[in-house]
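Each step along the sequence shown adds one to the number in this note's numbering, with nothing skipped, and position 205 is 415.
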Amino acid sequence: MTALGSIVSYGAYVPRLRLPRERIAAAMQWLKSTSAARAAGSRAICNWDEDSLTLAVEAARACLLNAGADADSPPPLCSVSLASTTLPFADRSNATLLAAALDLPVTVETADFSGSLRAGTTALAQAVKRTDSGLRLPVAADARLSKPGSAQELEYGAGAAALLIAPGVPGGREAGRDERDPRSLGDILSVSHLAADFVDHYRLSGESFDYALEERWVRDEAVNKLVPAVITKALEAADLSSSSIDHFVMAGSATAIKRIAEHSGLHRARIQDALRDDCGDTGAAHPLLLLAAAIETAAPGQHILAIGFGQGVDALVVRIPTPKPAVRHRTVVDALARRKAEQYYTRYLSHSGLLEADFGMRAERDNRSAHSVAWRKHRQLTAFVGGRCRSCNTVQYPKSPACVNPQCRRIDTQTDYRLADVLGRVKSFTEDWQAFSPRPPSIYGNVEFEPGGNLLMELTDLDAGEVAVGMPVNFVFRVKDIDPMRAFKRYFWKATQV
211 MTALGSIVSY GAYVPRLRLP RERIAAAMQW LKSTSAARAA GSRAICNWDE
261 DSLTLAVEAA RACLLNAGAD ADSPPPLCSV SLASTTLPFA DRSNATLLAA
311 ALDLPVTVET ADFSGSLRAG TTALAQAVKR TDSGLRLPVA ADARLSKPGS
361 AQELEYGAGA AALLIAPGVP GGREAGRDER DPRSLGDILS VSHLAADFVD
411 HYRLSGESFD YALEERWVRD EAVNKLVPAV ITKALEAADL SSSSIDHFVM
461 AGSATAIKRI AEHSGLHRAR IQDALRDDCG DTGAAHPLLL LAAAIETAAP
511 GQHILAIGFG QGVDALVVRI PTPKPAVRHR TVVDALARRK AEQYYTRYLS
561 HSGLLEADFG MRAERDNRSA HSVAWRKHRQ LTAFVGGRCR SCNTVQYPKS
611 PACVNPQCRR IDTQTDYRLA DVLGRVKSFT EDWQAFSPRP PSIYGNVEFE
661 PGGNLLMELT DLDAGEVAVG MPVNFVFRVK DIDPMRAFKR YFWKATQV
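Below is the structure:
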């Protein structure tokens, strides 16, 4: 059967910080006891300078890197979509900011998807259904807040996933040929939907926390009745039987997913690990993250059934091609392995905005953004584009009319040079306990880019004693600062340990 589209690359990003659930349980034991099973593992949490947008940028960068894209050979993308229930801006295109951070052409189509945990699979389905010839990049990310002491505090995690979708082979379906894209990691055979305004949980606009309804009722009335019907429809569209499915992907409790698999006749299917111990439920991103993990482990010729649930159901059937291409660079396993334990529960609360700590007088400052300057220098600031001299090849940031090389000093010889994807090393650094930082100390230093050039910049995801001269670093898109007076976030690039 000819594919509707092909997954030609994927990328995943999980924040480095992990909060052990046993620390949450210990901090809240005065309120309620937690079983050893529920306190097992860790949940991925955002650093103070991470949110769903920065997570999405890193997942998309990993996806494009795995596709072999770089600054000299950008992919021919026709669309970028960002799905999340925790988008930082309500009235500003988050997907457009994502595309700008990736330094994509201004002609790319952008769209935000939100309002449901099904947003990730809906964005994926819409990318598959496009009829134009370019590549599509659906990205999903979430960083949901949870009330201290709630069940959600133990289950939620932060993370993002991105898939690069190529269109189906023109004419293959009509001619009855089994054609596919040779780059394909997974051929999408069918996409099915069901819309149902069943309220299993909700969060009103302007509220911080989800309100969840009784789990047994949700399972019996919605999950067990709605999901099997869409599975049947998806299998019929793919011309497959339930016994043909080898991997079943769905976010939720292991018990509920196992029951759905049994009700749907998926007796042979391996239920994809929900990654609870490694990161937790990443919301709208979780179906895409689990699908990427399933693609990594699936054998050639096997079939994956992926489900998105939330005020309805999305179902996608994916076939692993024969032969199966190897993932070039960053896998889901790599994303999960990059981790660092958060030592303090109260610091997690502070980073999440759930605890207002007194940072002293140095924190009392006006962080007003100069939007006119930001627009004039938007590629320099958002895409981290510097300059390279055509005469002497000197790299510099920021780009300027004159080359900084004292032996050159040529005028108007600078060409754009993106620094976001190069490596660097720490030449010198300072751990500043006097300057304000939401995660003291403030660590910054002189970073040398591998192709040349230096920049004094912040280092992130590193604590006191963890930085060394000569340390290799790469660059990540992060929140630069927050203007609480005008409710605005400013973003820039920071260095972090490779």
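For every residue, glycine included, the Cβ atom is placed at its ideal position computed from N, Cα and C. In this text, all values refer to a predicted model and were calculated from it rather than measured experimentally.
Asked: Spatial distance of aspartate 407 from histidine 588 (CA atoms); Found: 41 angstroms
Asked: Contact under 8 angstroms by Cβ, valine 614 with phenylalanine 659; Found: no
Asked: Every unbroken alpha helix (DSSP H) inside the segment 275 to 357 [4 residues or more]; Found: 304 to 311 and 329 to 339
Asked: Aspartate 352 beta carbon less than 8 angstroms from that of alanine 494; Found: yes
Asked: Bridge partners - leucine 404, DSSP secondary structure assignment; Found: Val523
Asked: Threonine 442 to valine 523 span [Cα, whole Å]; Found: 12 angstroms
Asked: Arginine 253 - containing beta strand (DSSP E), residue span; Found: 252 to 254
Asked: DSSP three-state assignment for tryptophan 258, whether helix, strand or coil; Found: coil
Asked: Check whether valine 349 and leucine 308 have beta carbons under 8 angstroms apart; Found: yes
Asked: Nearest-angstrom Cα separation, counted from glutamine 512 out to aspartate 261; Found: 35 angstroms
Asked: Reference serine 610, options Arg598, Arg635 and Pro694, closest by Cα; Found: Arg598
Asked: Cβ neighbour criterion (16 or more within 10 Å) applied to glycine 634; Found: buried
Asked: Span of the beta strand (DSSP E) around valine 218; Found: 215 to 223
Asked: Cβ-Cβ separation, serine 400 to alanine 447 (assumed contact under 8 angstroms), whole Å; Found: 4 angstroms
Asked: CA-to-CA distance, leucine 436 to leucine 565, given in whole angstroms; Found: 39 angstroms
Asked: Counted within 10 angstroms of its Cβ, other Cβ atoms place leucine 666 as buried (16 or more) or exposed; Found: exposed
Asked: Where glutamine 707 sits in the DSSP three-state scheme; Found: strand
Asked: According to DSSP, residues forming a beta bridge with alanine 536; Found: Alanine 536 pairs with nothing; no bridge assigned.
Asked: Closest Cα partner of leucine 450 within the set Leu374, Ala502, Val527 and Leu501; Found: Val527
Asked: Where the beta strand (DSSP E) through isoleucine 375 begins and ends; Found: 369 to 377
Asked: Buried or exposed (CB count within 10 angstroms, at least 16 for buried), glutamine 624; Found: buried
Asked: Unbroken beta strand (DSSP E) run spanning histidine 473, endpoints; Found: Unbroken run through histidine 473 is the alpha helix (DSSP H), 464 to 473; no beta strand (DSSP E).
Asked: Proline 510 classed as buried or exposed, judged by whether at least 16 other C-beta atoms fall within 10 angstroms; Found: exposed
Asked: Cα-Cα separation, leucine 229 to serine 343; Found: 43 angstroms
Asked: Cβ neighbours of arginine 253 in the same chain (closer than 6 angstroms, five flanking residues each side left out); Found: Leu229, Gly367 and Gly490
Asked: Pairwise C-alpha distance: tryptophan 703 and alanine 573; Found: 21 angstroms
Asked: Pair within 8 angstroms by beta-carbon distance, leucine 292 and alanine 311; Found: no
Asked: Neighbourhood of histidine 411 by C-beta, 7 angstroms cutoff - its chain only, sequence neighbours within 5 removed; Found: Asp420, Tyr421, Ala422 and Leu423
Asked: Residue environment, alanine 222, which counts as buried when at least 16 other CB atoms sit within 10 Å; Found: buried
Asked: Beta-carbon proximity of phenylalanine 639 to valine 686, cut-off 8 angstroms; Found: no
Asked: Start and end residues, beta strand (DSSP E) containing glutamate 425; Found: Here glutamate 425 belongs to no beta strand (DSSP E); instead the alpha helix (DSSP H) covers 425 to 428.
Asked: Buried or exposed by the 16-neighbour rule on C-beta atoms within 10 Å, applied to aspartate 714; Found: The requested residue 714 is not part of the displayed model; the chain covers only 211 to 708.
Asked: Per-residue DSSP class, three states only, for glutamine 624; Found: strand
Asked: For glutamate 446, the three-state DSSP class (helix, strand or coil); Found: helix
Asked: Three-way DSSP call (helix, strand, coil) for valine 677 in this model; Found: coil
Asked: Minimum Cβ-Cβ distance from proline 286 to chain D less than 8 angstroms; Found: Checking the listed chains, one finds no chain D in this structure; it contains a single protein chain.
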